[in-house]
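Its first residue numbered 511, the sequence shown is counted upward by one per residue in my numbering. Structure first, commentary second.
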Amino acid sequence: MEIKKTNIAYLAHPVISRHKVREWELKIERLYPSLILHNPFYDSEGLEKENIKNLDDAKPLQIPYDYPSYLVHKDIENIAKCDFMIAIIDGSPSFGTIMEIVYAKILHKPVYIINMTIYGKEHSWLKYHSTKMFSNYPEFE
Numbered sequence: 511m512e513i514k515k516t517n518i519a520y521l522a523h524p525v526i527s528r529h530k531v532r533e534w535e536l537k538i539e540r541l542y543p544s545l546i547l548h549n550p551f552y553d554s555e556g557l558e559k560e561n562i563k564n565l566d567d568a569k570p571l572q573i574p575y576d577y578p579s580y581l582v583h584k585d586i587e588n589i590a591k592c593d594f595m596i597a598i599i600d601g602s603p604s605f606g607t608i609m610e611i612v613y614a615k616i617l618h619k620p621v622y623i624i625n626m627t628i629y630g631k632e633h634s635w636l637k638y639h640s641t642k643m644f645s646n647y648p649e650f651e
């Protein structure tokens with residue numbers, strides 16, 4: 511009996527790009543069955559999942575006073591559980607993606623950045639925090 515190791519990657523990306531990233535995520539998981547991509551917008555439970563559904567349905571978000579602290583700590587916990595990170599920078603604003611990259615580096619996780627912008631490929635901070643950088647999805651694949 512062959513036992514395959516499953517790798518789990520945290521998939522950091524801008525919330526505004528979630529639909530396109532989700533399509534790519536599901537494609538990659540079909541192509542590489544031993545790879546699980548943890549998408550914080552779709553694979554988290556509770557209020558995060560509910561808020562993404564509300565966002566998709568153009569309904570108001572539920573943001574209790576302590577939600578930012580809860581969300582950040584939950585994301586850091588999920589980053590810590592993963593084997594590595596795939597971070598997508600596509601030009602959409604995302605403070606969260608950048609902060610997740612920093613935390614992955616602090617936690618000694620390999621960080622593979624797919625940077626599809628014309629800016630930042632030579633940026634010292636991105637180079638420092640990345641294990642390897644790619645220009646697009648096919649190059650990463």
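All C-beta atoms, glycine included, are put in the ideal place defined by N, C-alpha and C. Since we're looking at a predicted model, the values are computed, not measured.
Residue i to residue j span [Cα, whole Å]
i: K642; j: N517; result: 18 Å
i: P550; j: S634; result: 26 Å
i: D553; j: I628; result: 30 Å
i: L636; j: V525; result: 20 Å
i: I513; j: H548; result: Reliability of the predicted coordinates at I513 is poor, the pLDDT of 49 falling under 50, and the value obtained from them is presented with this limitation in mind. Near 22 Å, if we compare the C-alpha coordinates of H548 and I513.
i: F605; j: L521; result: 15 Å
i: Q572; j: E587; result: 22 Å
i: D576; j: E651; result: 38 Å
i: S624; j: E649; result: The sequence given here places Ile at residue 624; Ser does not occur at that position. Roughly 9 Å between the two C-alpha positions.
i: K530; j: M609; result: 21 Å
i: I538; j: Y580; result: 29 Å
i: S544; j: A568; result: 35 Å
i: K660; j: L565; result: The shown model of the chain, from 511 to 651, leaves out residue 660, and the question about it has no answer.
Nonlocal neighbours in the same chain, by C-beta distance under 6 Å from residue i, ignoring five residues either side
i: F594; result: A519, K619, P620
i: K591; result: none
Contacts around residue i, its chain only, beta-carbon distance under 7 Å, and the 5 residues preceding and following it disregarded
i: L536; result: none
Residue j beta carbon less than 7 Å from that of residue i
i: Y613; j: I589; result: yes
i: H583; j: K615; result: no
i: D600; j: M626; result: yes
Close beta carbons around residue i, own chain, < 8 Å, minus the five adjacent residues each side
i: F644; result: Y622, I623, I624, N625, F650
i: K631; result: N625, M643, S645
Residue span of the alpha helix (DSSP H) that contains residue i, given as start and end
i: L636; result: 634-639
i: V621; result: First-last for V621: 621-625, but that is the beta strand (DSSP E), not the alpha helix (DSSP H).
i: K615; result: 605-616
i: E649; result: 647-650
Residue i, enclosing beta strand (DSSP E) - first and last residue
i: I518; result: 517-522
Residue i Cβ short of 6 Å to the ligand GTP heavy atom set
i: W534; result: Inclusion of the ligand GTP in the displayed structure is not the case, the ligand content being empty and no account of it being possible.
Tell me the start and end of each unbroken alpha helix (DSSP H) in the stretch 530-603 that is at least 4 residues and wholly inside, in chain order. 557-566, 577-591
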